[in-house]
Structure formats: structure tokens, C-alpha cells
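Residue numbers (the numbering used here), protein chains in the order written: chain X, 1 to 105; chain L, 106 to 567.
Every residue gets a Cβ at the ideal spot worked out from N, C-alpha and C, and that includes glycine.
Keep in mind it's a predicted model, so treat the numbers as computed, not measured.
A short worksheet on the structure shown next.
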């Protein structure tokens, strides 16, 4: 039963993914790719679950610590990079006026 | 406690979906990203609430390691190096999936103690995660120019080899599924998938790179969803599947912008299908006209309309601020300046928009391909800054060209064309550009940034 319930969630989530990205301006393709990239860092949870569960074997522990570190890089780096990119699109009225004035001098 | 965790997961994936909707519009994008980030934090905290969680020190170690590496990398990376950074972040995600699958195998003694569907989804995640990790590393190497950007192909042997690698990986998986418990099998599976990832991305070059990164992104999403199924973790199922689905759509949108199909891209890079397609554009005059910064300044300074066509060359030399200054000077002289942005100019869709926005170029001056293409006929000067393949008329006129059919910017319709370029070497796709041999084209060789700066100096004394 768990499997079927999870499969239902999987299918619905797939349609949500399709629906969300129907029309996106080209400008936002890169930030969007970067943003979704950060979201799949959710695999970090798998590392947390398995390491937290038991993992007494040393080699397992090493693999899981690396997996958690990888996932954390994916999550933290992904969101920060996306934020920086999107910051570029923000209006900067003061800075802009100043620069134009300086250039025209 | 388990109900609380499930409830928190629901909040988390609701925030992911809400955040992602925000990311599709320019005004709501930054907030959308933040929303998704909050969702992620909630999901992590919820997972740590699991009763009986042990190994706290090791968990902390992993999280700290990841943060210490990820934060400075994300903060220090230059805007021009964004594409390879995204590739790298994507890769480590895939690597995490593959490692988790390996531990699941070891933990359950070769899946002896788990349900069949766990075996299947976990093995699927192992293959896709490994492909994604190694493929992304190769993509990173190519974009960072550690590896050559041109397609590296084995020719005819490529397809059978890739198919064989996939067969080996799946074969190992089937053997494990049938009850073989040897750890060599999972290691063999991971290695075969790794080599497959390398082999698939190596032959891909040119403007196809962004599409590949997007595709690998979708792959990692799908493998995360599979891991979620194996571990019965709803947050992972939803988040992974949303990324898988939206990533597939995004990949398709990008491929469409280049008039290429995803299978064709994966099957082999530019030139892979038609090795003989060199400069067969008929009797082209093979001499180029060189110009000087002073001449270029003169031409543009007395023009009424100038269209700037930025490309990867502008990104590499970080010329966006210099371009902005030059454009401001031209505008001060009453010249109408616009920037023509090809959807896949640079190494990622939207790459040019991000850079020019960084340099405070007004949003109204950035024109997308469909908007600007009708206007080139009225432009006095088209200034091409380090763009190559996206301006190549062969895409319209020469069916033998590997990029035939890709929509391009109609730069050749402008009254005159000035091309800033480092040298006469071919573009990322490795093919010649007839535009450079056109009568009305003049070339200004050198680093884009210093060339633009020289033109700006000349404009000041004009």
C-alpha cells in the first residue's frame, strides 16, 4: 500500500512540475534551472535518514558523510547562486542615475 | 512524532511548489527562491526530528563540510562562470544519490531484507545518479576549459559503446535483482554508469551544452524521486519529481529554441552526423577585412541605430561593464542602442541577460531574438562582441551545415557589421562563420574587453 500511495504522489508531483513551467521568459531560464537544481539537493535527507538510523559500519559512515556533504553543497550553493543571479535583475535606481550622470560629464 | 514529520514534509513541499511558481516571473523570482529555501530548511529539520536518530556528530560533520565548501564557492564565483557552477552543484547532487544507493545495498545485504520495489528504485537511482555525477563533471571541465570544448567523439563506435555500457549497468542491476549479493555487482553498475556519463557528455559541444546541463539536472531530480520511493520519504518524492518534470520541460524549451531535438543532442554533438560539413557554402570570398578601434568608433558614433550582439566572448573577457559604458557614450551622442540577445548566446540560456543586468544595462535595451530580428535591416551597425555560431548565416542558407535550421540573429542584414573576436579560430561548435567573409563585415581582433575600451576612448575624442 505504501508503494501505491507514494506512486500516486509521484504522478501528481510530476504534473505539478509540468504545470509550473509552462511559460517562462528566456531571461529566467538560467535562474530557474539553478533554482530547481538547488531543490534536488533534497537527497541530503536520504543521507540524514540512513546515517541517523544506524550505520555502524565504518565504510558506510564515510560514504554517508560524503553524501550528506555533497547534498549540503548542492542545497546551500544552489540557493545562494540563484539568489545572486536574481539580485542582478533587481532595479537599482540610485546607482543607475549616478552612473549615467557620471558618464555624461 | 512521525505525524509531525509528515506534516512538516507537507509544509516543505508546499513551499517548494509555491517558490517554484514564483521563480517563473521576473518580479517574484527572488522571493520564490527564498521560499523554496525555507521549505528545504523545514524538510531538513523535520528529518532530524526522527526518533532514535544517532550519529549526530557525523551528521553535523557532513552538514558543516558541505556548507563550508558550498557557501564560499557560491559567493565567490564570477557571474561569467555561473554555468559551470550550476553543473558542479548538479553533479554533487547526483553523486549523493549514487552514494546513498550504494549504502542501501550494503545496509540491506544486497537488498536481501527489503521489498522488490525498493531494489528496483534504488538501483535506478544508482545508475542515473552516477551518470549525472560524472556527466556533470565533464560538463564542468568543458565549460571551465579544463577539457577542450570541441566535441570529442569516437565516431561510429560511439553509439554501440554507449549502448553496451548501459547494458552492462542494467545487467548488473538485473543480476542483483535476481538475488546475486556480490558487492562487485553494485560497484560494476556504478562504474559502468560513470563511464556512460563521461562518454555521453564528451562528444557534446557548442551551444548544446546548456541543454545538457538542464537534462542532467532533470536526471538528478528523477533519481532523487526514486531514492524517495525507496526510503518512503514523501518530501524527496515530491521535490525530486517536480525537478524531474520541470527540468524535462525546460530542457525541451531550450532545445526548441535551437531547433534541435533532445535525442539528436544526446546522440552526438555538432558535426557528429556530418563530418564533411566544412565551409561548403559555395564560392565565399575567403579574405577578411580588418578594422581599427578608431574606425569602429567613427562608424558607430555617426550611426543612428546600433545593435550590439553579445556572446560568450563578452562573458569570458568580463566586458559587460565596458560595453555598458560604450553604449552610454553612444546614447549621449543620440545613437539608438539596443542589445540583441539570442536565447542560447553564451553557455546558458539567459546568460547574456544576467551579465548585462549586472552591468546595469536598462532592461528595455535588451531585445529577444524574435523582437530584434526584423530590425537588423534598419540598423546602421551591428556590433558582434564575441558571438559566433548564433550569427552564422549558414544556419539559414546551407543545409550541409551542422547548425542548419537553428534560429539565428540576422546580423548579416545590417548595413555594416563589426565583429570583435580574439582570433579567426572557429566557434565553440568548431565550424566556420561565413559572416566574417561578407563584404560589409570588418573584424577587430583582440580581447573583447580591451577592444571595447579602445572604442570607448576613441568615442570620447570623436
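Out of L:359, L:345, L:459, which one is the CA nearest neighbour of residue 318 of chain L? It is L:359 whose Cα lies nearest to the Cα of residue 318 of chain L.
Could you tell me whether the Cβ atoms of residue 28 of chain X and residue 152 of chain L are closer together than 8 Å? It is not a contact, given that the beta carbons lie outside the stated cut-off.
What is the residue span of the beta strand (DSSP E) that residue 359 of chain L lies within? Note, residue 359 of chain L: premise wrong, no beta strand (DSSP E); alpha helix (DSSP H) at 339-362.
Counting contacts by CB-CB distance shorter than 8 Å, is residue 171 of chain L in contact with chain X? The beta carbon of residue 171 of chain L sits closer than 8 Å to some beta carbon of chain X.
Is any beta-carbon of chain L found at less than 8 Å from that of residue 28 of chain X? True, the Cβ-Cβ gap to chain L drops below 8 Å.
Please report the straight-line C-alpha distance between residue 72 of chain X and residue 545 of chain L, rounded to a whole angstrom. Spanning the alpha carbons of residue 72 of chain X and residue 545 of chain L requires a straight line of approximately 53 Å.
Mind pulling the chain L residues with CB within less than 9 Å of residue 4 of chain X? In chain L, no part has a C-beta under 9 Å from the C-beta of residue 4 of chain X; the shortest such distance is about 10 Å.
Residue 364 of chain L: buried (16+ other C-beta within 10 angstroms of its C-beta) or exposed? Within a 10 Å sphere around the beta-carbon of residue 364 of chain L sit fewer than 16 other beta-carbons, which makes this residue exposed.
If you draw a straight line from the C-alpha of residue 561 of chain L to the C-alpha of residue 496 of chain L, how long is it? If you take the alpha carbons of residue 561 of chain L and residue 496 of chain L, they lie about 24 Å apart.
Where does residue 475 of chain L land, buried or exposed, given buried means 16+ other C-beta within 10 angstroms? A residue is called buried when at least 16 other Cβ atoms come within 10 angstroms of its Cβ; residue 475 of chain L does not meet this threshold and is exposed.
Leaving aside the five residues before and after residue 346 of chain L along the sequence, list all residues of the same chain whose C-beta is less than 6 Å from its C-beta, in chain order. Taken in chain order, the residues that qualify are 330.
Using a Cβ cut-off of 7 Å, which residues of the region 324-347 of chain L contact any Cβ in chain X, in chain order? Listed by position along the chain: 325, 326, 329, 330, 332, 334, 336, 337, 338, 339, 340, 341, 342, 343, 344, 345, 346, 347.
In the structure shown, what three-state DSSP assignment does residue 415 of chain L receive? Strand.
Contact list for the region 3-22 of chain X against chain L, Cβ threshold 7 Å: Across the region 3-22 of chain X, CB contacts with chain L closer than 7 Å involve 3, 6, 9, 10, 13, 14, 16, 17, 18, 20, 21, in sequence order along the chain.
Between residue 41 of chain X and the ligand ZN, is there a pair consisting of the residue's CB and a ligand heavy atom that are separated by less than 7 Å? Absence of the ligand ZN is noted for the structure shown, with no ligands found whatsoever.
Near-chain X residues of the region 212-223 of chain L (beta-carbon distance less than 7 Å), N- to C-terminal order: Within the region 212-223 of chain L, the qualifying residues are 212, 222.
Mapping DSSP to helix, strand and coil, what is residue 544 of chain L? Three-state result, residue 544 of chain L: coil.
Sequence-distant residues of the same chain with beta carbon closer than 8 Å to residue 224 of chain L, five excluded per side: The residues are 216, 281, 282.
Segment limits, alpha helix (DSSP H) that includes residue 29 of chain X: Element bounds for residue 29 of chain X: 29-39.
Taking 8 Å as the CB-CB limit, is residue 128 of chain L close to chain X? Closer than 8 Å: yes.
Determine, for residue 456 of chain L, whether the minimum Cβ-Cβ distance to residues of chain X falls below 8 Å. At least one chain X Cβ lies under 8 Å of residue 456 of chain L.
In the DSSP assignment, what residue or residues form a beta bridge with residue 550 of chain L? Beta-bridge pairing links residue 550 of chain L to L:526.
Looking at C-alpha atoms only, which residue of X:8, X:56, X:78 is the closest neighbour of residue 40 of chain X? That would be X:78, whose Cα lies nearest to the Cα of residue 40 of chain X.
Would you mind reading off the limits of the beta strand (DSSP E) that contains residue 150 of chain L? Note, residue 150 of chain L: premise wrong, no beta strand (DSSP E); alpha helix (DSSP H) at 134-153.
Whose C-alpha, out of L:218, L:482, L:506, is nearest the C-alpha of residue 522 of chain L? When each option's Cα is compared against that of residue 522 of chain L, the closest is L:482.
At which residues does the beta strand (DSSP E) containing residue 570 of chain L begin and terminate? Residue 570 of chain L lies beyond the stretch modelled for chain L, which goes from 106 to 567, so this question has no answer here.
Could you spell out where the beta strand (DSSP E) holding residue 204 of chain L opens and where it closes? Annotation for residue 204 of chain L: no beta strand (DSSP E) segment contains it, though the alpha helix (DSSP H) segment containing it runs 187-212.
Between which residues of its own chain and residue 200 of chain L is the CB-CB distance below 6 Å, once the five residues before and five after are set aside? If you ignore the 5 residues before and after residue 200 of chain L, its C-beta comes within less than 6 Å of the C-beta of 238, all in its own chain and listed in chain order.
Closer than 7 Å at the beta carbon, the chain X residues around residue 163 of chain L: Result: 51, 61, 65.
Going by the CB atoms, is the gap between residue 210 of chain L and residue 291 of chain L shorter than 8 Å? When the beta-carbon positions are compared, residue 291 of chain L and residue 210 of chain L come within less than 8 Å of each other.
Quick check: what's the CA-CA separation for residue 243 of chain L versus residue 498 of chain L? About 30 Å.
Nonlocal neighbours in the same chain, by C-beta distance under 6 Å from residue 98 of chain X, ignoring five residues either side: At residue 98 of chain X, the pLDDT of 39 sits below 50, so the modelled position is not reliable; the number obtained from the coordinates is stated separately. Counting only Cβ-Cβ distances below 6 Å, and skipping sequence neighbours, we find nothing.
Could you name the residues of chain X that residue 568 of chain L contacts, counting a contact when the two beta carbons are closer than 7 Å? Residue 568 of chain L lies beyond the stretch modelled for chain L, which goes from 106 to 567, so this question has no answer here.
Buried versus exposed call for residue 220 of chain L [16 or more other C-beta atoms within 10 Å across all chains shown]: Around the Cβ of residue 220 of chain L, a 10 Å sphere holds fewer than 16 other Cβ atoms; the residue is exposed.
Looking only at C-alpha atoms, which of L:322, L:509, L:142, L:428 sits nearest to residue 442 of chain L? The closest CA to that of residue 442 of chain L, considering only L:322, L:509, L:142, L:428, is found on L:428.
Are the region 497-515 of chain L and the region 452-471 of chain L touching by the rule of at least three beta carbon pairs closer than 8 Å? No: fewer than three Cβ pairs fall under 8 Å.
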